[in-house]
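Q: If you read the sequence shown in the working numbering, its first letter stands for residue 5, the second for the next number, and so on.
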Amino acid sequence: RTLDSFAGPVEQIEVSIINMGLQNVPAALHREFGPMLVPAVILVIIITASNSVFGFLLAADKKLVGVFGLEAMTTGQSDMTEQGGEKVNILNVFAIFHVVLL
Numbered sequence: 005r006t007l008d009s010f011a012g013p014v015e016q017i018e019v020s021i022i023n024m025g026l027q028n029v030p031a032a033l034h035r036e037f038g039p040m041l042v043p044a045v046i047l048v049i050i051i052t053a054s055n056s057v058f059g060f061l062l063a064a065d066k067k068l069v070g071v072f073g074l075e076a077m078t079t080g081q082s083d084m085t086e087q088g089g090e091k092v093n094i095l096n097v098f099a100i101f102h103v104v105l106l
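1. Round the Cβ separation of leucine 95 and leucine 68 to the nearest angstrom and send it over; I've been treating them as touching at under 8 Å.
2. Can you tell me which of the three DSSP states aspartate 65 falls into?
3. Exposed or buried, what is glycine 25 when buried is set at 16 or more other beta-carbons lying within 10 Å of its beta-carbon?
4. Have a look at alanine 31 and isoleucine 49 and give me their C-alpha separation to the nearest angstrom.
5. Nearest-angstrom Cα distance between proline 43 and glutamate 18?
6. How would you write the range of the alpha helix (DSSP H) that asparagine 96 sits in, first residue to last?
7. One question on the structure: do serine 54 and valine 103 come within less than 8 Å of each other, judged by their Cβ atoms?
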C-alpha cells in the first residue's frame, strides 16, 4: 500500500523528465560550457604547477628550514647543526604532501 502511494508520483516525475528532453542535456552542456571550461582547466593547471614549484623552492630555503624544521619546533633551537642523524625537512614533507593532494 505505501509502495503504491509512492509509485504514482515517481512515475509522474519520470514522465516529466522524459517530456522535458533532458536526455539531450549532456551534449548541450558540452556545446555551451566547453569554451568556458578550457580556460578554467588551463588556469587550474598553471596554478597547480606554480604552487608546486613555489612550495619546493620554499622547502629548500635554509632559513625557513631552520625556523620551521622539526628540530626547531620540538626543541626550540633554530640552528642548523646536525646532531648525529639525518634531519627531517618538514617543509619538504609538507610540499610533497601538498603536491600529492593536488
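All residues carry an ideal CB built from backbone N, CA and C; glycine is no exception.
Please read all numbers here as calculations on a predicted model, not as lab measurements.
A: In terms of the structure at hand:
1. As a position in the sequence shown, residue 95 is number 91, starting the count at 1. As a position in the sequence shown, residue 68 is number 64, starting the count at 1. Confirmed, about 6 Å.
2. In the sequence shown, counting from the first residue as 1, residue 65 sits at position 61. In the structure shown, aspartate 65 sits in coil (DSSP, three-state: anything other than H, G, I, E or B).
3. Looking up residue 25 in the sequence shown gives position 21. Burial call: exposed.
4. As a position in the sequence shown, residue 31 is number 27, starting the count at 1. As a position in the sequence shown, residue 49 is number 45, starting the count at 1. Going from the Cα of alanine 31 to the Cα of isoleucine 49 covers about 25 Å.
5. Stepping through the sequence shown from its first residue, residue 43 is reached at position 39. Stepping through the sequence shown from its first residue, residue 18 is reached at position 14. If I take the Cα positions, the gap works out to 36 Å.
6. Locating residue 96 in the sequence shown gives position 92, counting from the first residue. Where asparagine 96 is concerned, the enclosing alpha helix (DSSP H) stretches over 94-105.
7. Here residue 54 refers to the residue found at position 50 when the sequence shown is read from its first residue. Here residue 103 refers to the residue found at position 99 when the sequence shown is read from its first residue. Contact flag unset, no.
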